[in-house]
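Enquirer: If you scroll down you'll find the structure; I have some questions about it.
Number of protein chains: 2
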Amino acid sequence: MKSYQEMSNDDLLALKAELEAQYKAFQGKGLKLDMSRGKPSAEQLDLSMGMMDVLNSSTNLKCEAGIDCRNYGVIDGIQEAKELLASMIEVPADKIIIFGNSSLNVMFDMVSHAMTHGVLGSTPWAKLDKVKFLCPVPGYDRHFKITEYFGIEMINIPMLPTGPDMDLIEKLAGEDDAIKGIWCVPKYSNPQGITYSDETVRRFARLKPAAKDFRIFWDNAYSVHHLYDDDQDVLIELVTECEKAGNPDLVYKFTSTSKISFPGSGVAAIAASDANLKEIREHMTVQTIGHDKLNELRHVRYFKNLNGITEHMKKHAASMRPKFEAVVDTFDKELSGLGIGEWIRPKGGYFISFDSMEGCAKAIVQKAKEAGVVMTPAGATYPYGKDPKDSNIRIAPSFPTTEELALATELFVLCVKLVSIDKILESR
Amino acid sequence: MKSYQEMSNDDLLALKAELEAQYKAFQGKGLKLDMSRGKPSAEQLDLSMGMMDVLNSSTNLKCEAGIDCRNYGVIDGIQEAKELLASMIEVPADKIIIFGNSSLNVMFDMVSHAMTHGVLGSTPWAKLDKVKFLCPVPGYDRHFKITEYFGIEMINIPMLPTGPDMDLIEKLAGEDDAIKGIWCVPKYSNPQGITYSDETVRRFARLKPAAKDFRIFWDNAYSVHHLYDDDQDVLIELVTECEKAGNPDLVYKFTSTSKISFPGSGVAAIAASDANLKEIREHMTVQTIGHDKLNELRHVRYFKNLNGITEHMKKHAASMRPKFEAVVDTFDKELSGLGIGEWIRPKGGYFISFDSMEGCAKAIVQKAKEAGVVMTPAGATYPYGKDPKDSNIRIAPSFPTTEELALATELFVLCVKLVSIDKILESR
């Protein structure tokens with residue numbers, strides 16, 4: 035097969051005419067599909083409906099410590115919830131604090147707290163002339179929105195197949211004490227589905243940032259969100275790794291059950307060193323009367339233990355796998371060898387990342403929209419919404435049905451081809 | 035009856051000997067009672083157990099707008115939750131945003147947000163040399179802890195039977211633009227149970243603070259927490275009142291169902307002007323993926339409407355009334371006319387406030403503790419924990435049984451008498 039670059043102008047024009055006819059046919063179908071939202075499908079949510087039954091008016095609502103979960107108290111989570119979430123993210127139960135329904139909210143609060151109060155006694159970031167964060171790209175738009183909101187300057191760090199470019203991170207963080215943190219989705223990363231290599235994690239643990247109050251914001255959002263039973267990525271546990279490296283305070287590790295039980299009605303948590311947790315508890319004691327212990331109890335009684343979560347996530351995988359495969363198989367079949375795009379076949383997480391030729395992503399997303407398929411806006415995976423190469427597009431396959439997704443992907447591929455032909459012709 | 039001040043030294047010493055014998059007898063009982071915590075009793079929590087049944091695996095979990103409450107979305111609360119909580123605090127449903135489980139958390143976040151981002155375009159408070167808050171005293175310790183945490187200087191404002199001293203508030207807030215807010219519990223205030231008079235509320239609405247970003251933090255925690263069916267305090271609605279006075283942005287009004295359904299598993303809300311709500315929504319969009327809509331739905335399906343809440347709160351009143359009366363009746367009977375203390379008989383809320391002679395509160399609380407009765411620490415009702423007169427003691431009657439409470443109050447009264455006698459003798 036010839037790549038598009040190798041084709042003559044005439045051949046490209048002939049192909050374009052053919053593809054345009056197909057595109058017009060799509061437009062005639064009046065599609066209304068959405069591949070923009072990283073949210074579970076109704077089918078996935080149905081998997082957790084049993085959770086609605088575990089607590090009722092005749093249930094014992096005391097936790098194992100004998101505390102009435104209906105009342106005030108227990109600021110940092112009931113013990114059995116700590117054990118459940120700690121086992122899920124592979125830390126000891128005394129290295130975790132349970133929060134409310136949103137790990138994003140915990141991350142926001144950690145940045146906000148650092149702005150007003152500093153970190154373990156450091157100068158509050160709001161009092162500094164300049165605060166910067168490292169942002170592996172492409173990445174999660176809502177991370178970037180938090181740092182943007184606080185006026186923190188974001189520096190792009192390229193993602194490699196092994197995770198973010200550690201040479202660059204070590205150099206920048208080591209030199210500049212205005213750099214206070216880095217956003218990471220280390221397992222099945224958003225949007226590429228890359229899991230950081232052992233070497234990458236170990237280099238993170240050994241990082242020697244110039245700023246003592248530098249923190250790795252380690253968003254372990256997809257720790258158990260595998261697509262396959264027999265082919266799973268493995269991520270080294272960073273809290274323990276930092277401790278071993280003599281850098282115990284370097285990391286805040288976040289997790290939640292938002293995409294395990296119910297988005298918005300899950301349980302979030304942070305894992306960190308004793309010193310970090312102590313500071314967080316002091317902060318929490320002022321900020322809140324505590325989180326929803328009945329919901330913690332609901333999760334514990336339903337999932338029981340890590341095995342319960344693992345079995346539950348196999349059902350999620352069964353729902354997600356055909357969707358991911360529908361998209362990536364189509365890419366493989368329709369785009370391989372054409373030289374107009376690159377993609378990764380993820381083994382878990384919630385997204386597929388597509389990189390078009392430079393300068394094509396916005397046009398592709400626009401073209402898909404004009405035929406009734408909504409994608410995540412091009413640029414969203416970069417700080418400030420600015421993809422310098424205008425090439426990355428995030429695809430979220432979870433919400434539509436497999437049939438809808440197959441159709442939407444077919445259209446998407448068509449848009450990639452059409453926009454790429456225009457780009458090539460334009461450049462000649 | 036003679037007041038203690040009118041009694042001779044000999045008479046006081048004789049009385050003291052008698053009271054000390056009673057106190058020793060109490061110590062012999064090995065009591066372990068707690069009047070320190072403003073938390074509902076198990077009996078009260080049992081009243082809401084029906085809420086654990088309204089959602090189950092066969093329930094329709096869509097809200098009236100057809101949105102699946104299990105999934106992401108609806109950042110500011112489902113419409114029917116807005117309507118329920120808005121009706122409870124007498125504002126239109128479009129003037130309210132629903133939050134998570136803790137109104138204290140919302141208040142904290144509003145102060146934190148003002149510190150980092152200012153209020154409606156004002157200079158972030160963290161960038162100012164000095165920020166001050168007015169604090170009606172005695173007041174709620176956790177309010178004061180928030181402003182203390184952010185390094186905000188707190189200025190005591192005396193409480194009068196009509197609410198805080200408005201002359202002083204108008205003068206201070208009108209003159210000093212470093213004064214950015216005031217903490218208020220306007221109905222059945224914590225700890226005195228005072229409801230602000232119509233005139234007080236109207237003067238709040240007409241306040242002309244020097245600082246444009248001054249906000250009234252109006253913590254309407256006890257809006258429906260009456261003790262009596264036929265004798266209830268009425269509070270004028272401040273959001274509307276501010277609008278009428280041409281000061282729409284002046285107030286943030288907070289509420290929650292923490293002491294209606296379950297503490298820690300309730301639903302909180304803020305009511306404010308359109309401009310304030312717009313800013314809060316922008317802030318929320320960065321901070322969180324949204325709050326727990328299933329819990330919102332649970333509350334709506336259980337209480338249905340304001341009438342449902344009103345009927346429910348009558349049951350709470352039936353549990354609380356005898357406890358409040360046990361305390362205040364004992365005060366009336368044992369302390370009236372002695373000139374060694376003052377108290378108010380509240381018609382609602384969660385607390386009874388006792389003012390001892392100056393310089394006696396700490397000693398009274400200590401003496402009660404030594405006989406097995408834990409009170410809220412003296413001073414807790416003042417900013418920085420410093421009661422300049424050392425006289426205010428907050429009594430929380432909800433948690434113990436009526437029998438326990440009667441016993442604890444008996445001991446408390448004894449401690450008041452003993453400490454007062456020492457004080458009087460010492461001063462002669």
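Same order as they appear, the protein sequences are chains P and Y.
For the first sequence, my numbering gives the first residue as 35, with consecutive numbering after it.
For the second sequence, my numbering gives the first residue as 35, with consecutive numbering after it.
All C-beta atoms in this analysis are idealised placements derived from N, C-alpha and C, irrespective of residue type, glycine included.
Determine the extent of the alpha helix (DSSP H) in which Leu328 of chain Y is found, giving its start and end residues.
Expert: Here the question's residue 328 of chain Y lines up with position 294 in the second sequence. Its alpha helix (DSSP H) spans residues Lys327 to Phe337.
Enquirer: Is the beta carbon of Lys381 of chain P less than 8 angstroms from the beta carbon of Leu261 of chain P?
Expert: On the first sequence, position 347 is the one that residue 381 of chain P refers to. On the first sequence, position 227 is the one that residue 261 of chain P refers to. It is a contact, given that the beta carbons lie within the stated cut-off.
Enquirer: Alpha carbon to alpha carbon, how far is Ile427 of chain Y from Glu376 of chain Y?
Expert: For this step, residue 427 of chain Y is matched to residue 393 along the second sequence. For this step, residue 376 of chain Y is matched to residue 342 along the second sequence. The alpha-carbon atoms of Ile427 of chain Y and Glu376 of chain Y are separated by roughly 10 angstroms.
Enquirer: Could you work out which residues of chain Y lie near Tyr336 of chain P, taking near to mean beta carbons separated by less than 8 angstroms?
Expert: Translated into the one-based positions of the first sequence, residue 336 of chain P becomes position 302. Chain Y residues near Tyr336 of chain P: none, gap ~11 angstroms exceeds 8 angstroms.
Enquirer: Measure the beta-carbon distance from Val407 of chain P to Met69 of chain P and round it to whole angstroms, keeping in mind my assumption that it falls under 8 angstroms.
Expert: For this step, residue 407 of chain P is matched to residue 373 along the first sequence. For this step, residue 69 of chain P is matched to residue 35 along the first sequence. At roughly 7 angstroms, the Cβ-Cβ gap stays under 8 angstroms, so Val407 of chain P and Met69 of chain P are in contact.
Enquirer: Assuming Ile132 of chain P contacts Ala115 of chain P under a Cβ cut-off of 8 angstroms, what Cβ separation, rounded to an integer in Å, is found between them?
Expert: In the first sequence, counting from the first residue as 1, residue 132 of chain P sits at position 98. In the first sequence, counting from the first residue as 1, residue 115 of chain P sits at position 81. Rounded, the Cβ-Cβ distance is 5 angstroms, consistent with contact.
Enquirer: For Arg379 of chain Y, which residues in the same chain have their Cβ closer than 6 angstroms to its Cβ, ignoring the five residues on either side in sequence?
Expert: On the second sequence, position 345 is the one that residue 379 of chain Y refers to. Correct list, in chain order: Val362.
Enquirer: Please compile the residues from chain Y whose C-beta is within a distance smaller than 8 angstroms of the C-beta of Met200 of chain P.
Expert: Walking along the first sequence from the start, residue 200 of chain P turns up at place 166. Simply none; closest approach about 29 angstroms.
Enquirer: Rounded to the nearest angstrom, what separates Glu233 of chain P and Leu202 of chain P at their Cα positions?
Expert: For the purposes of this step, residue 233 of chain P is taken as residue 199 along the first sequence, with counting starting at 1. For the purposes of this step, residue 202 of chain P is taken as residue 168 along the first sequence, with counting starting at 1. Rounded to the nearest angstrom, the two C-alpha atoms are 15 angstroms apart.
Enquirer: Just tell me which of Y:Leu459, Y:Phe385 and Y:Met200 has its CA closest to the CA of Gly173 of chain Y.
Expert: As a working mapping, residue 173 of chain Y is identified with position 139 in the second sequence. Out of Y:Leu459, Y:Phe385 and Y:Met200, Y:Phe385 has the C-alpha closest to the C-alpha of Gly173 of chain Y.
Enquirer: What residue ranges within the region 151-222 of chain Y form continuous beta strand (DSSP E) runs of no fewer than 3 residues, ordered along the chain?
Expert: With a minimum length of 3 residues, the continuous beta strand (DSSP E) runs that stay inside the region 151-222 of chain Y are 166-171, 187-194 and 213-218.
Enquirer: Can you give the Cα-Cα distance for Gly300 of chain Y and Lys50 of chain P, rounded to whole angstroms?
Expert: Residue 300 of chain Y sits at position 266 when you count from the first residue of the second sequence. Residue 50 of chain P sits at position 16 when you count from the first residue of the first sequence. Using only the alpha carbons, I get a separation of about 59 angstroms.
Enquirer: Around the C-beta of Lys214 of chain P, are 16 or more other C-beta atoms found within 10 angstroms, so that it is buried, or is it exposed?
Expert: Locating residue 214 of chain P in the first sequence gives position 180, where the first residue counts as 1. Answer is buried; the Cβ neighbour count reaches 16.
Enquirer: Between the alpha carbons of Gly324 of chain Y and Ala405 of chain Y, how many angstroms are there, rounded?
Expert: Numbered from 1 along the second sequence, position 290 holds the residue referred to as residue 324 of chain Y. Numbered from 1 along the second sequence, position 371 holds the residue referred to as residue 405 of chain Y. Taking the straight line from one Cα to the other gives about 48 angstroms.
Enquirer: Among the candidates Y:Ala279, Y:Ile123, Y:Ser137 and Y:Leu331, whose CA atom is the shortest distance from the CA of Gly18 of chain Y?
Expert: The shown model of chain Y, from 35 to 462, leaves out residue 18 of chain Y, and the question about it has no answer.
Enquirer: For Lys242 of chain P, is the classification buried or exposed, using 16 other Cβ atoms within 10 angstroms of its Cβ as the cut-off for buried?
Expert: For the purposes of this step, residue 242 of chain P is taken as the residue at position 208 of the first sequence. Looking at its Cβ environment, which holds fewer than 16 other Cβ atoms inside 10 Å, Lys242 of chain P is exposed.
Enquirer: Short of 9 angstroms Cβ to Cβ, which residues in the region 93-112 of chain Y face chain P?
Expert: Cβ contacts with chain P come from Thr93, Leu95, Asp102, Cys103, Arg104, Asn105, Tyr106, Gly107 and Val108.
Enquirer: Who are Gly375 of chain Y's beta bridge partners in DSSP?
Expert: Here residue 375 of chain Y refers to the residue found at position 341 of the second sequence. Per DSSP, Y:Ser390.
Enquirer: What residues in the region 254-265 of chain P have a beta carbon less than 7 angstroms from any beta carbon of chain Y?
Expert: Taking 7 angstroms as the Cβ-Cβ cut-off against chain Y, none of the residues of the region 254-265 of chain P qualify.
Enquirer: From this set, Y:Met347, Y:Gln400, Y:Cys449 and Y:Phe60, which residue's C-alpha is nearest Ile258 of chain Y's C-alpha?
Expert: As a working note, residue 258 of chain Y is residue 224 in the second sequence. According to the sequence shown, residue 258 of chain Y is Val rather than Ile. With distances taken between Cα atoms, Val258 of chain Y lies closest to Y:Met347.
Enquirer: Mark Gly62 of chain P as exposed unless 16 or more other C-beta atoms lie within 10 angstroms of its C-beta, in which case mark it buried.
Expert: Residue 62 of chain P sits at position 28 when you count from the first residue of the first sequence. Classification of Gly62 of chain P: exposed, given that the 10 Å Cβ count is below 16.
Enquirer: Are the CB atoms of Ala305 of chain Y and Val273 of chain Y nearer to each other than 8 angstroms?
Expert: On the second sequence, residue 305 of chain Y is found 271 positions in, with the first residue counted as 1. On the second sequence, residue 273 of chain Y is found 239 positions in, with the first residue counted as 1. Contact: yes.
Enquirer: Check the Cβ-Cβ distances between Gly84 of chain Y and every residue of chain C, and say whether any is below 8 angstroms.
Expert: Of the protein chains in this structure, namely P and Y, none is chain C.
Enquirer: So, at 7 angstroms on beta carbons, what are the nonlocal neighbours of Lys423 of chain Y in its own chain, with the 5 sequence-adjacent residues on each side left out?
Expert: Here residue 423 of chain Y refers to the residue found at position 389 when the second sequence is read from its first residue. Once the five neighbours on either side are set aside, the close Cβ partners of Lys423 of chain Y are Glu392.
Enquirer: How would you call Glu117 of chain Y, buried or exposed, if buried means at least 16 neighbouring beta carbons within 10 angstroms?
Expert: By one-based count along the second sequence, residue 117 of chain Y stands at place 83. Its Cβ being crowded by 16 or more others within 10 Å, Glu117 of chain Y is buried.
Enquirer: Which residues in the same chain have their Cβ closer than 6 angstroms to the Cβ of Ala279 of chain Y, if we skip the five residues on either side of it in sequence?
Expert: Walking along the second sequence from the start, residue 279 of chain Y turns up at place 245. Taken in chain order, the residues that qualify are Ala239 and Arg240.
Enquirer: If distances are taken between C-alpha atoms only, which option among Y:Ala120, Y:Asn139, Y:Val108 and Y:Leu340 comes closest to Ala99 of chain Y?
Expert: As a first step, residue 99 of chain Y is located in the second sequence; it is residue number 65 there, counting from the start. Here the closest residue by C-alpha is Y:Val108.
Enquirer: Can you have a look at Thr410 of chain Y and say buried or exposed, based on whether 16 or more other CB atoms are within 10 angstroms of its CB?
Expert: For the purposes of this step, residue 410 of chain Y is identified with residue 376 of the second sequence, where counting begins at 1. It counts as buried.
Enquirer: Is the region 430-441 of chain P touching the region 64-83 of chain P in the sense that three or more CB pairs, one from each, lie closer than 8 angstroms?
Expert: As far as the Cβ criterion goes, the region 64-83 of chain P touches the region 430-441 of chain P, which means the pair count is three or higher.
Enquirer: Can you give me the start and stop residues for the beta strand (DSSP E) that Ile304 of chain P sits inside?
Expert: Start at 1 with the first residue of the first sequence, and residue 304 of chain P comes out as number 270. Its beta strand (DSSP E) spans residues Ala302 to Ala305.
Enquirer: Shorter than 8 angstroms from the beta carbon of Ala148 of chain P to some beta carbon of chain Y?
Expert: By one-based count along the first sequence, residue 148 of chain P stands at place 114. Taking Cβ atoms only, chain Y never reaches closer than 8 angstroms to Ala148 of chain P, which makes this a no.
Enquirer: For a contact meaning CB atoms closer than 8 angstroms, what does Thr435 of chain Y contact in chain P?
Expert: As a position in the second sequence, residue 435 of chain Y is number 401, starting the count at 1. Those do not exist, as Thr435 of chain Y stays about 15 angstroms from chain P at its closest Cβ, beyond 8 angstroms.
Enquirer: If the criterion is Cβ atoms closer than 8 angstroms, does the pair Thr289 of chain Y and Ser432 of chain Y meet it?
Expert: In the second sequence, residue 289 of chain Y corresponds to position 255, counting from 1. In the second sequence, residue 432 of chain Y corresponds to position 398, counting from 1. In this structure, Ser432 of chain Y does not lie closer than 8 angstroms to Thr289 of chain Y by Cβ.
Enquirer: Would Asn224 of chain P count as contacting chain Y if we go by Cβ distances under 8 angstroms?
Expert: Locating residue 224 of chain P in the first sequence gives position 190, counting from the first residue. So, not an interface residue.
Enquirer: Please tell me whether Leu53 of chain P and Lys451 of chain P are closer than 8 angstroms, where the distance is taken between their beta carbons.
Expert: As a first step, residue 53 of chain P is located in the first sequence; it is residue number 19 there, counting from the start. As a first step, residue 451 of chain P is located in the first sequence; it is residue number 417 there, counting from the start. Yes, these two residues count as a Cβ contact at 8 angstroms.
Enquirer: Cα-Cα, which of P:Leu340, P:Glu345 and P:Gly227 is closest to Ser387 of chain P?
Expert: Counting from 1 along the first sequence, the entry for residue 387 of chain P is found at position 353. When only C-alpha atoms are compared, the closest one is P:Gly227.
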